[in-house]
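Report on one structure; see the data block that follows.
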Amino acid sequence: MRLEKCWFCSSTVYPGHGIQFVRNDAKIFRFCRSKCHKNFKMKRNPRKVKWTKAYRRVHGKDMTQDATFEFERKRNRPERYDRHVAEETLKAIKKIDKVRVDREARHHEKRMKGKKAQVQKEAAKELEQSIHMVKAPAVLQKEPSLTLPKVYQKQTEDRMVE
Amino acid sequence: MVQYNFKKITVVPTGKDFIDIILSRTQRQTPTVVHKGYAISRIRQFYMRKVKYTQQNFHDKLSTIIEEFPRLDDIHPFYGDLLHVLYNKDHYKLALGQINTARNLIGKIAKDYVKLLKYGDSLYRCKSLKVAALGRMCTVIKRVGPSLAYLEQIRQHMARLPSIDPNTRTILICGYPNVGKSSFINKITRADVDVQPYAFTTKSLFVGHTDYKYLRYQVIDTPGILDRPFEDRNIIEMCSITALAHLRASVLFFLDISGSCGYSVAQQAALFHSIKSLFMNKPLIIVCNKTDLQALEGISEDDMKLVMEMKAEAMKTLIGQGGEPTNDEGVLLTMSTLTEEGVIAVKNAACERLLDQRVELKMKSKKLNDCLNRFHVAMPKPRDQKERPPCIPEAVLEAKAKKAEQAAEKQKKLERDLENENGGAGVYSASLRKHYILANDEWKEDIMPEILDGHNVYDFVDPDILQRLEELEREEGMHQEHEADDFEMDGAELTPEEQEALAEIRKKKRLIVQQHRIKKSTAESRPTVPRKFDKDKQFTSERMGRQLSTLGLDPTLAINRARSKSRGRKRERSIDKGNQNGTDDMDVDGDQPNKKLRLRSRSLSRSRSRSKSRPPYEVVPGEGLKDSAQKKKAIKLAEKSHNKRNKDARKGEADRVIPTLRPKHLFSGKRSTGKTDRR
Chain Z
1 MRLEKCWFCS STVYPGHGIQ FVRNDAKIFR FCRSKCHKNF KMKRNPRKVK WTKAYRRVHG
61 KDMTQDATFE FERKRNRPER YDRHVAEETL KAIKKIDKVR VDREARHHEK RMKGKKAQVQ
121 KEAAKELEQS IHMVKAPAVL QKEPSLTLPK VYQKQTEDRM VE
Chain E
1 MVQYNFKKIT VVPTGKDFID IILSRTQRQT PTVVHKGYAI SRIRQFYMRK VKYTQQNFHD
61 KLSTIIEEFP RLDDIHPFYG DLLHVLYNKD HYKLALGQIN TARNLIGKIA KDYVKLLKYG
121 DSLYRCKSLK VAALGRMCTV IKRVGPSLAY LEQIRQHMAR LPSIDPNTRT ILICGYPNVG
181 KSSFINKITR ADVDVQPYAF TTKSLFVGHT DYKYLRYQVI DTPGILDRPF EDRNIIEMCS
241 ITALAHLRAS VLFFLDISGS CGYSVAQQAA LFHSIKSLFM NKPLIIVCNK TDLQALEGIS
301 EDDMKLVMEM KAEAMKTLIG QGGEPTNDEG VLLTMSTLTE EGVIAVKNAA CERLLDQRVE
361 LKMKSKKLND CLNRFHVAMP KPRDQKERPP CIPEAVLEAK AKKAEQAAEK QKKLERDLEN
421 ENGGAGVYSA SLRKHYILAN DEWKEDIMPE ILDGHNVYDF VDPDILQRLE ELEREEGMHQ
481 EHEADDFEMD GAELTPEEQE ALAEIRKKKR LIVQQHRIKK STAESRPTVP RKFDKDKQFT
541 SERMGRQLST LGLDPTLAIN RARSKSRGRK RERSIDKGNQ NGTDDMDVDG DQPNKKLRLR
601 SRSLSRSRSR SKSRPPYEVV PGEGLKDSAQ KKKAIKLAEK SHNKRNKDAR KGEADRVIPT
661 LRPKHLFSGK RSTGKTDRR
């Protein structure tokens, strides 16, 4: 029993799920669900389809090369069973996972760095440029702060009095 | 077996037939239709195919000829020589060589013309090229025609050659012509050879088969040999010479002691001596035939001497064989084919001698085991009743006993027995793990998980995984330290009020965009009405006031101005103002010529709740008419235009009638092509 990777979206295919397609040149394509299968039949390139891992990797949204990926490699040589090795491996898998997740988070942070400042700059600019939509220029001259003006209340009582 | 191939050689057609066959096949098996309107590549392909097809066929047929005719060097030398004798080796090889050359030439022609055809630019040219190619190929075959005829003759003759197996037991009969060889073979086999009084009745080799001691022997009858020098011999004699030379057989030299063959004993003896070199290593038997005419004892002294000489020679071969020199019975025999006296004896003797020789040879060779079943092991007869068991030394006995013990110990308990003990096939499942070779036997029953947290555990298994993990964690530690140094500067943040303002701005922008999108989508069907006629009452002064006040401005001035500018209101105010002020500047009546209109407008402006329909002559702005006079005129004109039709009782616009609201042909039936989704 093995967990495979979906050819289209690169998510894991658990046993009992998905479809395998074997082409005439004996290349096997595994899909996790019919969405991926149908996209494949439409001849869509996963590198251009936004929600796939392939796209994310190619466009630098997710990290591509890392030491943690080297740990998980399909080795075709069978190893003799050793209880200690098995124990260590199981423990190691958890640690490696943690490390990988941390690294991915760091990658994401690095990617998003500077976004905050950019957003603030843009907001300030927008506010300055479009303030006339909510505050009349005359009012702005009197009160130059970039805030909402006080809504003018009709002084009917005053008028009556007058 | 080589001999059978001679009968299976395919017929070699004559030159003309060959050409006819190939050309007619090309005609039949390749496409025949081509027009000059076809694409040039198609035309070229058409003709190239014809040329190639013809060449291929020629090639195939010539190749079969070349391959099926035997190569004189590859077959048994007996046949090689026989064929040489019959059909001259050189001529034969030449003929085959010519065929080979023809094949190559045809191949070259085809190649050249195909190359030319690739550049043919019209149908006519391609066709001429093809005609030339085929023509040349046929000329080649025509030139080779004589060789083909020669090969055909050879083939026919070869098919009739006797099927002699050069390796099996053979008895060869030779001697002068007319001594009784063919009669002998007729007697001992089922062959039916011609026997006639004239010499050279037998012109070629004949084969018969006979049995002796459950073995089959082939008996070969040869044409008679004359005593001549080697070079002078004709083809027929050469046949027998060849047979004598190449076949490992026992030779029966026939001697006619009566002289009725026409040749004296002396001549026959001379012949014998001249060909005795051919008898080397062959069991030789001298057979004196026609004893019914003349018994062996009764011949003259000289003849007897000659016969004895021959016998001596024959004895030499016997000795050379390694047989007993005492037995000279099998060397010189007498018989008479006419009375059948001694015929069987002769045959037996010949077979016996041959058998002995072959057995000797086989024993000397490595093929002994094949013959082992023909040997007979003699068991000694018991002399007395004394027991004489084999004598085995003590040490050997002990060793044997020990071995038997070990074997009994190692008697494994089979898995099958185990299964049967524990409940049979369906109940017991064998533990396949018990033979595992592990570092620690306790681990044999361990179950290792295959999947953990969405990973395949086997992909991570690595002897030095710990070490690499350690490195990884070290790296990770370093990264984390560096990370602590990075900070994000919190730039100028907007105050909450400013954020509010921004939110408002964005909302407004969104609304504008939304409205624009709606307008855009309905633009085709929406009428473009000027702002004065807004059905939804979007442009009221109240609304304007509200919007202005949200912007922070005082709207009263604007509202007043808007009201003052609107028509209904304006009239009312001006009348009031006129009354108030008492000025006559405002010419009320001048503006409104019609009293009715004025009153009406006032009532309109005053009371909005009562809905009144417009009088027909009132001009609605937007209609396109100048004033009510014009409108009245227009109405009159329209009425006039349909008076006549009404008078004539013609159907007008109001008389439109639909005879059937739901006609059947529109609401039922299937379509011949297409869908019936809408009706």
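Those protein sequence lines, which keep their order, are chains Z and E.
Mapping to full-length UniProt numbering: the first sequence position 65 is 65, numbers consecutive.
Mapping to full-length UniProt numbering: the second sequence position 525 is 525, numbers consecutive.
Cβ atoms here follow ideal geometry from the backbone N, Cα and C, with glycine treated the same way.
Since the structure is predicted, the reported quantities are computational estimates derived from the model, not experimental observations.
Roughly how many whole angstroms lie between the Cα atoms of residue i and residue j?
i: E:F69; j: E:Y79; result: 13 Å
i: E:E405; j: E:A430; result: 29 Å
i: E:I164; j: E:L82; result: 11 Å
i: E:R374; j: E:K8; result: 36 Å
i: E:T10; j: E:S258; result: 49 Å
i: E:N281; j: E:T210; result: 23 Å
i: E:D585; j: E:S564; result: Any reading at E:D585 must be qualified, since the residue scores a pLDDT of 48, below 50, and its modelled position is unreliable; the value itself is stated next. Going by the C-alpha atoms only, they are around 19 Å apart.
i: E:I392; j: E:Q357; result: 42 Å
i: E:P530; j: E:Q515; result: 18 Å
i: E:E422; j: E:R433; result: It should be pointed out that residue 422 of chain E corresponds to Asn in this sequence rather than to Glu. Their backbone Cα atoms lie some 17 Å apart in a straight line.
i: E:L338; j: E:Y176; result: 18 Å
i: E:E152; j: E:Y87; result: 12 Å
i: E:A295; j: E:V343; result: 15 Å
i: E:G622; j: E:K636; result: 20 Å
i: E:T30; j: E:R49; result: 8 Å
i: E:D589; j: E:K633; result: Caution is warranted here: a pLDDT of 47 is assigned to E:D589, below 50, making its placement in the model unreliable, and no coordinate value can be reported.
i: E:K403; j: E:P389; result: 22 Å
i: E:V359; j: E:Y217; result: 15 Å
i: E:A395; j: E:A407; result: 19 Å
i: E:T139; j: E:Q98; result: 14 Å
i: E:D60; j: E:D121; result: 31 Å
i: Z:K43; j: E:I22; result: 52 Å
i: E:R233; j: E:K89; result: 17 Å
If contacts are defined as beta-carbon pairs under 8 Å, then residue i and residue j qualify, I think. What distance do you get, rounded to the angstrom?
i: E:V85; j: E:T242; result: 5 Å
i: Z:Q85; j: E:L472; result: Checking the displayed sequence, the identity of residue 85 of chain Z turns out to be Val instead of Gln. So it is not a contact: roughly 18 Å between Cβ atoms.
i: E:W443; j: Z:R83; result: 5 Å
i: E:N178; j: E:A199; result: 5 Å
i: E:L438; j: Z:R80; result: 7 Å
Could you tell me whether the Cβ of residue i comes closer than 9 Å to any Cβ of chain E?
i: Z:D62; result: no
i: Z:P149; result: yes
i: Z:V101; result: no
i: residue 164 of chain Z; result: Outside the modelled stretch of chain Z, which goes from 1 to 162, sits residue 164 of chain Z, for which no answer is possible.
i: Z:A33; result: The sequence shown places Arg at residue 33 of chain Z, rather than the Ala named in the question. Output row for Z:R33: interface = no.
i: Z:Q153; result: yes
i: Z:D25; result: no
Taking the Cβ atom as the reference point for each residue, do residue i and residue j lie within a distance shorter than 9 Å?
i: residue 168 of chain Z; j: E:I505; result: Since the first and last residues shown for chain Z are 1 and 162, residue 168 of chain Z lies out of range.
i: E:E498; j: Z:D102; result: no
i: E:T550; j: Z:T147; result: no
i: Z:K74; j: E:D459; result: yes
i: E:E313; j: E:F254; result: no
i: E:L134; j: E:T54; result: yes
i: E:E524; j: Z:Q120; result: no
i: Z:D97; j: E:D453; result: yes
i: E:T334; j: E:V377; result: no
i: E:I141; j: E:I106; result: yes
i: E:P449; j: Z:L3; result: no
Residue i: beta carbon under 8 Å from a heavy atom of the ligand COA?
i: E:T660; result: The ligand COA is not among the ligands present in this structure, which contains no ligands whatsoever.
If we cut at 9 Å on Cβ distances, does residue i have a partner in chain Z?
i: E:D60; result: no
i: E:T550; result: yes
i: E:N440; result: yes
i: E:E481; result: no
i: E:A558; result: no
i: E:A501; result: yes
i: E:A492; result: yes
Does the stretch 204-211 of chain E come within contact of the stretch 220-236 of chain E, defined as at least 3 CB pairs closer than 8 Å? Three or more Cβ pairs closer than 8 Å define a contact, and the stretch 204-211 of chain E meets that threshold against the stretch 220-236 of chain E.
Validate contact between the stretch 164-179 of chain E and the stretch 238-253 of chain E using beta carbons, cut 8 Å, 3 pairs: Touching, yes.
Across the stretch 136-153 of chain E and the stretch 12-24 of chain E, are there enough close Cβ pairs to call them in contact, namely three or more that are closer than 8 Å? They touch, by the three-pair rule.
Would you call the stretch 127-141 of chain E and the stretch 108-116 of chain E touching, i.e. three or more CB-CB distances under 8 Å? Yes: the two stretches touch, three or more of their Cβ pairs being nearer than 8 Å.
Are the stretch 537-553 of chain E and the stretch 126-146 of chain Z touching by the rule of at least three beta carbon pairs closer than 8 Å? With a cut-off of 8 Å, the stretch 126-146 of chain Z and the stretch 537-553 of chain E count as touching, because enough Cβ pairs lie within range.
Count the C-beta pairs between the stretch 294-304 of chain E and the stretch 186-205 of chain E that are closer than 8 Å, then say yes if the count reaches three, no if not. No contact exists between the stretch 294-304 of chain E and the stretch 186-205 of chain E.
Is it true that the stretch 411-427 of chain E meets the stretch 28-39 of chain Z, where meeting means three or more beta-carbon pairs spaced less than 8 Å apart? Contact between the stretch 411-427 of chain E and the stretch 28-39 of chain Z is absent, with fewer than three C-beta pairs closer than 8 Å.
Three or more beta-carbon pairs under 8 Å between the stretch 636-645 of chain E and the stretch 530-550 of chain E, yes or no? No: fewer than three Cβ pairs fall under 8 Å.
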